Structures are given as C-alpha cells and as structure tokens.
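Asks: Shown below is the structure under consideration.
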Amino acid sequence: MTSVQKNLLVELFVEELPPKALKKLGDAFAGVLRDQLVAQGLAEPASVLTAYASPRRLAAHLTHVAERAADKAVSQKLMPVAVGLDASGQPTPALLKRLAALGADASAVPGLKRAMDGKAEALFYESTAKGATLAEGLQKALAEAIAKLPIPKVMSYQLESGCELPGWSSVSFVRPAHGLVALHGDAVVPVEALGLKAGRETHGHRFEAAVDPVVLRDANSYALQMQDEGAVIASFEARRTEIARQLAAAAVRVGGAVVPIHDDALLDEVTALVERPNVLVCSFEREFLEVPQECLILTMKANQKYFPLLDASNRLTNNFLVVSNISPEDASAVVGGNERVVRPRLADAKFFFDQDRKKSLASRVESLGKVVYHNKLGTQGERVERVMRIARGMAEKLGGAALIAHAVQAAQLAKADLVTDMVGEFPELQGTMGRYYALHDGLSAEVADAIEDHYKPRFAGDELPRNMAGIVVALADKLETLVGMFGIGNLPTGDRDPFALRRHALGVIRMLIEKDLPLKLDALLQDAAAQFKDIDGFDTGKATAELQDFILDRLAGSLREQGASAQEVDAVLAPRPQRLGEVPKLLAAVRAFAALPAAAALAAANKRIGNILKKAPEADAHVSELLLKEPAEKALHAAMAEVVPAANAQFDAGDYTASLQTLAALREPVDAFFDGVMVNAEQADLRLNRLGLLMSLHAAMNRVAQLERLAA
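Quick note on numbering: the sequence shown equals residues 17 to 728 in the working numbering.
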C-alpha cells in the first residue's frame with residue numbers, strides 16, 4: 017500500500033428487512049464489499065471484516081483500508097511483430113492506431129517489449145496504471161455488494177428527494193433505504209447508492225434511542241455508539257448471544273429447573289426481529305396443558321415467536337418467554353398483551369383437539385377417498401390401499417401374525433389425521449396427532465407409535481421409527497411414493513424435488529441398512545410396482561430399474577459423505593448388491609483388503625482379467641486339468657482349489673473380510689500365471705481352458721466386490 021490505512025465503516029439504513037433472510041443478507045453485503053476492496057488493492061487479504069445486521073440496517077467494518085491503491089505495472093499485448101512492424105522495422109498503421117487507442121504515439125515504439133506469444137513473437141506495451149482511490153473503489157464495491165445481495169423478493173419504491181424527478185424516480189431494493197454511511201477513519205467517503213449520498217448520520221432504535229440522529233464519530237465507534245446512543249445491538253451474533261443469555265436467566269427466575277426450548281431457527285428469526293432484546297416471562301392457564309404439547313409449542317413458536325419453557329422431564333409448562341424489542345420500566349402491559357394474544361391461539365388448539373376426538377381415526381379413512389393425492393395416481397384413499405398391501409408383503413417376510421396385524425392397521429390409519437381439524441390448521445403435526453388420536457381410540461402403543469413414526473426419518477440425522485411396525489409402514493409409505501413418482505415420470509431435477517424423492521430414498525437406505533433387514537431391493541421395488549398395475553401410463557421399468565439406480569446413487573453419495581473413498585464405494589456397489597443391510601460389512605471388508613500388501617497387485621490383475629474376458633465372449637468357466645500344460649497354470653489351478661472353497665465358505669457365512677483376506681493368498685500364483693502363460697494360445701482348446709481358469713478366478717475374486725475398481 018502506498019497511502020495511509022484506516023478502518024472503514026459502511027452502513028445502509030433501511031426499513032424492516034425480512035427476518036428469515038437477515039443474517040444471509042448481512043453476511044453477503046459485508047463479504048462482497050470486502051472481496052471487492054481486496055480485489056482492487058484497497059484492502060489487504062488479512063483485513064478483518066465485521067458484519068452487522070439488524071432489522072433496520074446492513075453494515076460492514078473492515079480494517080486496514082487504504083485511501084488509494086498502489087499503482088500497478090501493466091503489460092498489454094498489442095499484436096504480432098510481423099503485423100506491427102514492417103520489413104524495415106518501422107511501425108505499421110495498425111500499430112500506430114493501437115497505440116493511439118492507448119493514449120500513446122510513435123515515440124513509444126522503441127520502448128515496446130518483444131516476447132514470444134505461443135509460436136509467434138509479439139509486441140507488448142508496458143505502462144503503469146494508477147491505483148484506484150477509495151471513493152472510486154468503494155463506489156464500485158458498494159454497487160457490486162447491492163447487486164449481489166441474495167434478496168428473496170425485490171420491491172420498487174419512489175425517491176422523494178435527491179433525484180432528478182422526486183416522486184417519480186424509482187429504485188429497486190429489498191426494502192426502502194433511507195440512509196447511507198461511509199466512514200474511512202473519521203472522514204466521510206463521498207459515495208452514493210440507491211439515491212442516497214453517504215454521510216455520518218444514522219438512526220437508532222425507533223423508540224428508545226438516546227439521540228436521533230446518531231452522529232458517528234469514526235468507523236471504530238460504530239458498535240459502541242449504536243449501543244449507547246442508539247439503543248441498538250448492531251451485530252447479529254452479539255444480539256443472538258444476548259438473547260440466549262437473557263432466555264437462560266429468565267428461566268432461572270421462573271424456577272423449577274425449567275429451560276427454554278432449544279430451536280436455532282427460532283432464535284435466529286427472533287434475533288432478526290429485535291434491535292434491543294428484552295426477555296419477559298409470561299404464562300397461560302394450566303387447563304391448556306391438557307392439549308398435546310406439540311400443538312401448543314408449535315402455535316407459540318410459529319405464530320407468536322415465543323419460547324416455551326420445558327420442565328426437567330421435557331414436558332411443557334404454562335410459562336413461556338417473549339423477546340420484546342422495548343424495555344419499559346413497567347413491563348406489565350407488554351406481558352399482559354402477549355398473554356392476551358396467545359390465549360386465543362391456545363383456545364383454538366384445544367377446540368380442534370376436543371372436536372377431533374369425537375370421531376375415531378378409523379371413521380375418517382373413508383374421507384381420504386375425497387382427497388386428491390396426485391392427478392395421475394389417484395386419491396389419498398387409493399394410496400392408503402397401496403401402502404397397506406406393500407406393508408403386508410414386507411411384514412409377512414419380517415415377522416409373524418402380530419407384526420402383520422399391527423403394520424396393516426397402522427398403514428390403514430397412518431394418513432387419517434390429514435382430515436382432522438388440528439392437522440388442517442397445523443400440517444406440521446401430521447403423524448403426531450395420529451398417534452394421540454389412536455391412543456384415544458384405544459389402539460395399542462405399537463400401532464399408535466407406528467402411525468406417528470411412518471414419516472421418519474423426516475430429515476438427515478432424524479431418528480428411525482421406534483418399532484418394527486413403524487419401520488414396515490415407513491418403508492411402505494416411502495416406497496409407494498418413490499415407485500409411483502418414478503412410474504409416471506415425475507422425477508426430481510437438479511434444483512427441484514417437490515415430492516422429496518431424494519429424502520425418501522435416503523430414508524429407505526437408512527432403514528434397510530441400520531435395521532439390517534433381510535429384504536432385497538429389487539424385490540421390494542417389484543412388489544411396490546405391482547400395486548400400480550391399474551394406473552394408466554405407469555412405466556414399470558422406470559419404477560424398478562431406473563429407481564434402483566437412483567437409490568444406489570444416493571447410497572453411493574451417503575457412503576462417500578461418511579468417509580469411504582470413491583474407489584471403495586464403486587467396488588462395493590458395482591455388483592449392485594440387493595441386500596443393502598450387507599453393504600457396511602462389504603465396505604469394511606474392502607477397506608481391510610485394500611490395506612493388505614497384496615491388494616494393489618490383485619486389483620490390477622483382476623482388472624486385467626476383466627479386460628481379457630471382455631474380448632473372449634466364447635469362454636466359460638469349465639477347466640480341464642488334462643489341458644493344463646504350463647507349470648504356472650497348474651500352480652494357479654491348485655492354489656484356487658485350496659483357497660477358493662475356503663473363501664466361498666467364509667463369504668456364505670457372512671465373513672466378507674476373512675473371505676477377501678483368504679483370496680489374497682492367490683497373489684503369487686496369479687503373478688506367476690501372467691508372467692509364464694500365454695492366455696491367447698493358438699491352440700483353441702488350450703486357449704478356452706485358460707480363459708475358463710481366469711473366468712473361475714474372476715468370479716471367485718468378485719463375490720464381495722469388484723476388486724478391479726480398486727486398481728489405480
């Protein structure tokens with residue numbers, strides 16, 4: 017840097033920003049500003065960036081910013097020497113014209129640099145580019161930062177002053193902007209944005225600022241002045257930390273070992289709604305606790321942005337916490353107002369719960385026939401029938417009469433809560449309310465839990481259904497969705513997956529693997545596809561083969577995310593294993609094999625064998641000892657006779673690691689075979705016999721995995 021460095025502060029003061037996007041907007045605004053200033057040489061890569069974001073401001077503080085960037089040496093290619101200079105070395109008109117465009121004349125010709133450019137020598141003009149001033153660079157950076165903001169929805173508004181046509185000149189931004197601050201140290205940087213000219217004045221809290229406007233002394237005083245004079249915690253992270261601290265302290269004041277519910281998304285949203293948080297304790301009537309706590313928690317969180325308080329048993333209490341944006345001396349009016357607001361919400365939940373219990377789940381199943389699931393796949397009622405049949409088939413393979421009865425009943429009732437008032441009001445409670453209503457109807461806990469759990473796993477890392485009936489119904493439900501959507505060609509695209517088919521596929525994978533179910537993937541897909549035989553235009557091929565590829569691709573990605581190498585995953589999945597519960601053991605066996613000294617040579621030999629066999633379609637696995645002529649092929653045949661049966665026995669017993677380790681003993685005879693035997697002998701019977709030997713070896717070595725995929 018060639019000029020004085022000071023810290024820089026830029027703030028956009030706006031009307032209330034969308035809370036769910038605030039943190040992303042703040043980080044993007046500050047990040048692009050920093051990157052642009054660094055790219056222009058006005059800031060250092062090591063400059064420290066601090067992003068600020070509150071409901072009414074986006075700001076960035078950056079250390080070590082120069083008043084002017086250093087000058088730069090610039091080398092510009094002009095043209096090939098043969099084009100720029102004539103036979104006598106004089107400049108051609110083309111060269112003179114190019115120099116004129118750069119602000120130079122014929123006097124610059126002797127100073128031109130010659131250098132090879134590819135195969136031809138070219139002329140280069142070397143000059144010094146003046147470094148950008150901070151005003152120039154910040155203007156460009158600010159425009160870029162505004163243009164690249166991840167704005168959820170742009171709004172247009174009219175400027176009232178400082179423009180050519182007040183009241184008519186329009187600006188598009190996420191929300192109307194009313195102020196711009198740009199301070200380099202204590203000096204204002206003369207930049208403009210969104211019809212605003214930069215200054216040093218901003219505004220604090222709407223109601224509690226000590227002064228208005230807040231006149232910023234310098235870039236470094238921003239956070240402190242905003243807090244002391246503006247009653248605003250400008251930093252999103254600092255405000256979030258303060259809210260979390262106040263929530264914990266308020267819970268202690270309530271007593272009884274209660275804690276506020278843990279919800280990062282709610283905490284982020286509330287942080288984006290307040291500038292000066294003040295946590296208050298409120299309560300509601302205990303009679304509402306008769307309603308399932310999931311209903312009360314959801315309405316308090318989603319509709320009111322309150323933090324419910326849970327006791328030591330994780331049960332809801334009748335106290336909750338409110339994060340207010342004001343701090344009056346007497347907060348009773350604020351507390352009373354929030355308690356009045358929440359009461360009708362809780363009363364609605366209680367009314368829905370009481371009304372829903374007047375009808376049994378079983379009596380609601382018929383109504384599902386009037387609910388459209390998909391225009392090509394029929395109603396929810398038809399879907400339930402398919403899920404029931406798929407669940408029955410799986411239950412018959414996995415257990416006895418009790419499992420069949422529980423799984424079929426749970427599958428029949430799993431969607432019945434969709435036509436209840438509670439789920440109509442709170443769709444997030446589907447499944448949860450089904451469990452409560454099933455228990456109220458006197459159904460077993462096994463069935464009730466399966467009704468709730470059949471949506472699981474709902475997201476990455478979610479728990480699996482808690483009992484086998486739940487596993488069966490969850491699998492049946494997800495397979496019905498996957499097979500149905502693939503069968504009608506309703507596939508996910510790169511950025512759209514409205515039926516969550518990727519998530520459903522990962523759920524199927526997790527249940528089959530983590531529960532080590534003795535079910536084959538191809539059979540599951542075929543059984544599920546059979547339930548759609550009456551659907552017009554249903555493509556069984558897409559619903560089975562193409563869907564199987566989709567599921568195995570999801571499995572491959574999942575295994576790589578868990579730390580397996582691409583080669584290991586390819587080796588295990590290339591044979592298309594159908595018992596997915598075996599995959600972790602297969603992968604462990606391949607990893608253990610790859611660590612053996614003989615692994616690389618055997619993998620390479622396996623790849624070589626595969627290439628040979630691809631060119632020999634007439635080969636079969638028959639081997640005649642009478643046709644074994646060379647010592648090396650006799651030795652390999654003898655070694656295989658000893659090793660392969662042992663490896664096969666270990667494979668059949670499920671000890672895949674031992675099976676591969678046993679096969680590793682074939683390394684030396686395999687190497688000797690390729691060193692001493694001509695596979696493609698001219699004599700046909702010898703050639704076919706040797707190909708048969710290699711085919712037998714290839715089959716034995718690839719039972720666990722395609723080892724050739726491990727070859728470098």
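Idealized CB from N, CA, C, for every residue including glycine.
Because the structure is a prediction, the values reported are computed rather than measured.
Nearest-angstrom Cα distance between T678 and A620?
Replies: Their Cα atoms are separated by approximately 17 Å.
Asks: Straight-line CA distance for E301 to N334?
Replies: The alpha-carbon atoms of E301 and N334 are separated by roughly 7 Å.
Asks: In the DSSP assignment, what residue or residues form a beta bridge with D133?
Replies: In DSSP, D133 forms a bridge with A136.
Asks: Apart from the five residues on each side of it in sequence, which residues of its chain come closer than 7 Å, Cβ to Cβ, to E646?
Replies: Counting only Cβ-Cβ distances below 7 Å, and skipping sequence neighbours, we find G692 and V693.
Asks: Can we say the segment 484-494 touches the segment 411-418, given the rule of at least three CB pairs closer than 8 Å?
Replies: Counting Cβ pairs under 8 Å, three or more are found: they touch.
Asks: State whether the segment 63-76 contacts the segment 23-39, with contact taken as three or more CB pairs (one from each stretch) at a distance under 8 Å.
Replies: These segments touch.
Asks: Say yes only if the C-beta of H470 is nearer than 7 Å to one or more non-hydrogen atoms of the ligand PLP, and no if none qualify.
Replies: The ligand PLP is not part of the structure shown, which contains no ligands of any sort.
Asks: Which class does Q92 belong to by DSSP, given the choice of helix, strand or coil?
Replies: It is a strand residue.
Asks: Is the CB-CB distance between D465 and R451 below 8 Å?
Replies: In contact: D465 and R451 (Cβ atoms closer than 8 Å).
Asks: Just verifying my parser: in three-state terms, what is the DSSP assignment at T18?
Replies: Any answer about T18 is weak, because its pLDDT of 48 lies below 50 and its placement is not dependable; what the coordinates show is given next. Reduced to three states, the DSSP call for T18 is coil.
Asks: Output yes or no for whether 8 Å exceeds the beta carbon distance between D469 and D372.
Replies: It is not a contact, given that the beta carbons lie outside the stated cut-off.
Asks: Which residues bound the alpha helix (DSSP H) around Q174?
Replies: Here Q174 belongs to no alpha helix (DSSP H); instead the beta strand (DSSP E) covers M171 to Q174.
Asks: Spatial neighbours of M17 within its chain, please: CB distance less than 7 Å, with the 5 preceding and 5 following residues excluded, ordered by chain position.
Replies: For M17, the predicted structure reports a pLDDT of 41, less than 50, and the residue's modelled location is therefore unreliable. The matter cannot be settled from this model.
Asks: Could you pull the start and end residues of the beta strand (DSSP E) that P192 belongs to?
Replies: Note, P192: premise wrong, no beta strand (DSSP E); not H, not E.
Asks: Restricting to runs no shorter than 3 residues, where is the beta strand (DSSP E) found entirely within the segment 570-651?
Replies: None, since the segment 570-651 contains no complete beta strand (DSSP E) of that length.
Asks: With a threshold of 8 Å between beta carbons, is D511 in contact with chain C?
Replies: This model lacks chain C altogether; it includes just one protein chain.
Asks: Which runs of the alpha helix (DSSP H) at least 4 residues long sit entirely within the segment 40-85? Give them in chain order.
Replies: With a minimum length of 4 residues, no continuous alpha helix (DSSP H) run stays inside the segment 40-85.
Asks: Just tell me which of A461, A426, P613 and L154 has its CA closest to the CA of A214.
Replies: The candidate whose alpha carbon is nearest that of A214 is L154.
Asks: Could you pull the DSSP bridge partners for H730 from this structure?
Replies: No information on residue 730 is available, as it lies outside the stretch 17 to 728 that the chain covers here.
Asks: Cα-Cα, which of K431, D478 and Q425 is closest to V463?
Replies: When only C-alpha atoms are compared, the closest one is Q425.
Asks: Just the C-alpha distance for T218 and A247, rounded to the nearest angstrom, thanks.
Replies: Approximately 12 Å, taken between the alpha carbons.
Asks: Quick one: is G385 buried, meaning 16 or more other Cβ sit within 10 Å of its Cβ, or exposed?
Replies: Per the 10 Å Cβ criterion, exposed.
Asks: Could you please give the first and the last residue of the uninterrupted alpha helix (DSSP H) stretch that includes S185?
Replies: Looking at the DSSP string, S185 is not in any alpha helix (DSSP H), and its letter there is neither H nor E.
Asks: To the nearest angstrom, how far is the alpha carbon of R683 from that of L522?
Replies: Rounded to whole angstroms, R683 to L522 spans 38 Å at the Cα level.
Asks: With H, G and I counted as helix, E and B as strand and the rest as coil, what does DSSP make of T509?
Replies: Three-state DSSP puts T509 in coil, outside helix and strand.
Asks: Candidates E598, F689, L713 and M449: which alpha carbon is nearest V15's?
Replies: With the chain covering only 17 through 728, there is no way to say anything about residue 15.
Asks: Using 8 Å as the Cβ pair cut-off and three pairs as the minimum, do the segment 189-202 and the segment 167-177 touch?
Replies: Contact holds: three or more Cβ-Cβ distances are below 8 Å.
Asks: Going by the beta-carbon positions, is the gap between Q396 and V358 smaller than 8 Å?
Replies: Against a cut-off of 8 Å, the Cβ pair of V358 and Q396 comes out as no contact.
Asks: On a Cα-Cα basis, can you pick out the residue from F566, T556, L603 and A203 that is closest to Q578?
Replies: With distances taken between Cα atoms, Q578 lies closest to L603.
Asks: In whole angstroms, what separates the C-alpha of M711 from that of Q428?
Replies: Their Cα atoms are separated by approximately 51 Å.
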